[in-house]
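What follows is a set of notes on a single structure, which appears directly below.
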Amino acid sequence: MLQVSGLSQAYGGSQILRGVDFEAHAGQVTVLLGRNGVGKSTLLRTLMGIHAARAGTVTLDGRVLGGLPPNRRAEAGIGYVPQGREIFPRLTVEENLRIGFATGRMHMVPDQVYEMFPVLLEMRHRRGGDLSGGQQQQLAIGRALCTRPKILLLDEPTEGIQPSVIKDIGRVIRRLADEGLAVLLVEQYYDFARDLADAYLVMDRGEVVARGDGRRMDADGVRAMVSV
Ligand SMILES: Nc1ncnc2c1ncn2[C@@H]1O[C@H](COP(=O)(O)OP(=O)(O)OP(=O)(O)O)[C@@H](O)[C@H]1O
Ligand SMILES: [Mg+2]
28 MLQVSGLSQA YGGSQILRGV DFEAHAGQVT VLLGRNGVGK STLLRTLMGI
78 HAARAGTVTL DGRVLGGLPP NRRAEAGIGY VPQGREIFPR LTVEENLRIG
128 FATGRMHMVP DQVYEMFPVL LEMRHRRGGD LSGGQQQQLA IGRALCTRPK
178 ILLLDEPTEG IQPSVIKDIG RVIRRLADEG LAVLLVEQYY DFARDLADAY
228 LVMDRGEVVA RGDGRRMDAD GVRAMVSV
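Numbering (this note's numbering), first residue to last: 28 to 255.
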């Protein structure tokens, strides 16, 4: 599904990603953990084509994504929910969702999005900026789903969100994977990540330093690797 090989990235002279290798599979939640500043968001932005890689290859369903820009990667099937959500505050909820139509695969907000996030249906004519942080996170996930991705990249979706909404988001992530989507979930909230993980990756200073079966995260001592 998604294959990443030897991926390297630098900002100016400082090397941030150092030969990252991993795969993420359809129907599975792959969680990526790591302390602050190890390069998790840089990895997702590089997969999305927001930063050009210095070296390495990214392949989605056998297609090499090479130097494609973000819009072409979205068309190829990568959905991206950035850290901090980045919804458009002055556009309505529905207009924010319609941004996802840019890939051309959708022309109406799929019922599934409103069914998974009923609050978005209720608030569809309200401005994005008027939503709570948790509602904005649901909107950002809904917008990514409107691109009809094959893989969903989520950057710390629980950051700054209250427990009841975190539970809802967890249920949605599980359901999407069970329906066949590949999910790459960057998280610092260990329990949330462990409960969802089919596979895990731990990053440190731009490298994947541990990986394994999601059910073995406790046994493998992952909590200690990422605790500060
Ligand atoms: N645009 C940029 N220019 C220069 N350096 C950057 C830029 N963005 C990030 N960095 C640096 O790259 C490193 C990795 O940052 P990144 O945001 O990928 O970390 P992260 O693992 O996502 O951290 P966090 O858990 O805090 O979100 C950090 O040292 C950061 O300061
Ligand atoms: Mg980050």
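Don't be surprised by glycine CBs; every beta carbon is placed ideally from N, CA and C.
Note that the coordinates shown come from a computational prediction; the quantities given were computed from them, not determined experimentally.
| Item | Value |
| --- | --- |
| Flag Q110 as yes when its Cβ comes closer than 8 Å to any non-hydrogen atom of ligand 2, and as no otherwise. | yes |
| Which residues does DSSP pair with A101 in a beta bridge? | Answer by DSSP bridge pairing: none, since A101 is not bridged. |
| In chain order, which beta strand (DSSP E) runs of at least 3 residues are fully inside the region 223-251? | 226-231 and 234-240 |
| Which residues mark the beginning and the end of the beta strand (DSSP E) in which A209 is found? | A209 to E214 |
| Look at E121 and R151 and say whether their C-beta atoms are less than 9 Å apart. | yes |
| With 16 other CB atoms within 10 Å as the buried threshold, where does K194 fall? | exposed |
| Assuming R175 contacts M135 (C-beta within less than 8 Å), just tell me the rounded distance between them. | About 12 Å separates the two Cβ atoms, so there is no contact after all. |
| Given this structure, state the Cα-to-Cα distance separating Y141 from S159, to the nearest angstrom. | 17 Å |
| Could you give the uninterrupted runs of the alpha helix (DSSP H) lying entirely in the region 76-140, keeping only those of 4 residues or more? | 97-103 and 120-125 |
| Please indicate yes or no: does the CB of Q215 lie closer than 8 Å to some heavy atom of ligand 1? | yes |
| Suppose contacts are defined by Cβ-Cβ distances below 9 Å. Is Q30 in contact with L87 by that definition? | yes |
| At a cut-off of 8 Å, is K194 close to ligand 2 when judged by its beta-carbon and the heavy atoms of the ligand? | no |
| Is D231 close to ligand 2? I mean its beta-carbon at under 8 Å from any heavy atom of the ligand. | no |
| Considering just the uninterrupted stretch of the beta strand (DSSP E) at L180, what are its terminal residues? | I178 to D182 |
| Work out the CA separation of R202 and V47 for me, nearest whole Å. | 28 Å |
| In chain order, what are the residues with a CB under 5 Å from some non-hydrogen atom of ligand 1? | Y38, I43, N63, G64, V65, G66, K67, S68 and T69 |
| For Y227, I'd like the list of residues in its chain whose CB is within less than 7 Å of its CB, leaving aside the five on either flank, ordered along the chain. | V58, L60, R238, G239, G241, M244 and V249 |
| Using a threshold of 8 Å, is the CB atom of D182 nearer than that to any non-hydrogen atom of ligand 2? | yes |
| Measure the CB-CB distance between V213 and L34 and report whether it falls below 9 Å. | no |
| Using only the alpha-carbon positions, how far apart do G104 and I178 sit? | 6 Å |
| Can you tell me whether L158 is helix, strand or coil according to DSSP? | coil |
| State the Cα-Cα distance for the pair Q165 and L181, rounded to the nearest angstrom. | 11 Å |
| Name, in chain order, the residues that DSSP records as bridge partners for Q30. | E50 and T86 |
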